[in-house]
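Below you'll find the structure, written out as structure tokens, and then a few comments.
Residue numbers (my numbering): 119 to 489.
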């Protein structure tokens, strides 16, 4: 029987919903928890495991104590051998190192892990390309190309590899950024190496591409003009992160949070760099419109880097009030010319899917599918 290693970083992505732009380090985890953040990585891991239930008798699972895998496997009805000592307090990178090393010594055929870019680095530092992996996306930044497109896709990819439907692997990028610089509005991404992943490009997210060519400024200015000219009185406008949304704030003459989420009403700044909780309080009983842009090279409009815009927030605002902006060049970079959502609120994701209008310049509208 195949042996499957299963590792969960239970605090991956915990800083996203509270606008901390990362989850690395004890101090950030403690701050996130004090702001009311909840662990979401275990839930994402269970969504992936659900895809393995049909073949659970065809592989052996080796996992870690508590929320690092044991609890999630047990809740999903998958028997697992638990290795390593129980954790006293918060899990750390050292726990991921130890788990990956132990699974290598047990000659697992595949490691399924839930985490973010930092977790991918920890796995890479421990096993390199010795063992194929499947990453369940659960982090805040998610620049690495090694992750599956969604928790469901991670489960499917794992199942297909374990059953031999997919036999080949490919090496994909492990990226990470300087979180301190990120919180100051600077993106300093670095390539750390590659991990071996089952070869299924339609199920993996690909590496994030960023920035705009200088000749795109005319499109960005046009997008900003189109958005600002359409603004109505007494409506809350939630402006998402990124360099495509920044010109909207610039045109309003307002200071923006490049890598966060800001709220505008009557062309004045209401709140900057808001958390999910703050957004819920602001939009309660009010008409609100969300402006977002897909991540270049990946296509995500929700679920990568803007966890403040959660499924619950989108449900309150209404999917009809989600507006998308992107330059023609960015749209051409999207995989299969499609956009993606992964809020992990299934009914919201389903409501968002289908053809959507995308403002590409002052007078140009494109139609793209959210897959």
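Built from N, CA and C at the ideal position, the CB exists for glycine as well.
Annotation for residue 211: 240 place their beta carbon closer than 6 Å to its own, counting only its chain and skipping 5 residues before and after. In summary, residue 127 is buried, with 16 or more beta-carbon neighbours lying within 10 Å of its beta-carbon over all protein chains present. Boundaries of the alpha helix (DSSP H) harbouring residue 337: 335 to 347, taken from the DSSP string. Given a length threshold of 4 residues, each whole run of the alpha helix (DSSP H) inside the segment 211 to 297 is given here in chain order: 211 to 223, 235 to 245, 269 to 280. In chain order, 186, 205 place their CB closer than 7 Å to the CB of residue 213, counting only its own chain and leaving out the 5 sequence neighbours on each side. As the crow flies, the alpha-carbon of residue 405 is around 53 Å from that of residue 120. Under the DSSP assignment, residue 323 falls outside any beta strand (DSSP E); it carries neither an H nor an E label. Nearest to residue 350 by C-alpha distance, out of 358, 386, 374, 375, is 386. By the Cβ rule, the segment 275 to 287 counts as touching the segment 225 to 236, because three or more pairs are nearer than 8 Å. Counting along the chain, the unbroken beta strand (DSSP E) around residue 473 starts and ends at 472 to 477. Excluding residues up to 5 positions away in sequence, 342, 343, 346 lie with their Cβ nearer than 7 Å to the Cβ of residue 369 in the same chain.
By the criterion of a C-beta distance shorter than 6 Å, residue 311 is surrounded in its chain by 242, 292, once the five residues flanking it on both sides are discounted. Less than 8 Å separates the beta-carbon of residue 427 from that of residue 379.
Apart from sequence neighbours up to five positions away, the residues of its chain that approach residue 248 with a beta-carbon distance below 7 Å are 222, ordered along the chain. Contact annotation: residue 159 and residue 191 have beta-carbon atoms that are not nearer than 8 Å.
Taking a contact to require three or more Cβ pairs closer than 8 Å, the segment 409 to 417 and the segment 435 to 446 qualify as touching.
Rounded to the nearest angstrom, the Cβ distance from residue 430 to residue 398 is 7 Å, consistent with a contact under 8 Å. Cβ neighbours of residue 479 within its own chain (closer than 7 Å, five residues either side excluded): 337, 340, 341. Here residue 147 has 129, 132, 133, 141, 208 as same chain residues with Cβ atoms under 8 Å from its own Cβ, once five neighbours each way along the sequence are excluded. For residue 161, the secondary structure class from DSSP, reduced to helix, strand or coil, is helix. Annotation for residue 447: the continuous alpha helix (DSSP H) segment containing it runs 446 to 450. Per DSSP, the beta bridge partners of residue 380 are 357. 8 Å or more divides the Cβ of residue 432 from the Cβ of residue 393. Residue nearest to residue 122 within the set 335, 224, 472, 451 is 224 (criterion: CA-CA distance).
Contiguous alpha helix (DSSP H) elements confined to the segment 376 to 422 occur at 394 to 401, taking only those with 4 or more residues.
In chain order, 363, 366, 367, 374, 379, 380, 381, 382, 409 place their CB closer than 8 Å to the CB of residue 357, counting only its own chain and leaving out the 5 sequence neighbours on each side.
Apart from the 5 residues on each side of it in sequence, residue 314 sits with its Cβ closer than 6 Å to the Cβ of 247, 250, 287, 289 in its chain, given in chain order. Residue 438 carries a helical assignment under DSSP once its states are collapsed to helix, strand and coil. In the DSSP assignment, residue 369 falls outside any beta strand (DSSP E) and lies within the alpha helix (DSSP H) extending over 364 to 370. When the Cα atoms are used, residue 180 and residue 322 turn out to be separated by approximately 24 Å.
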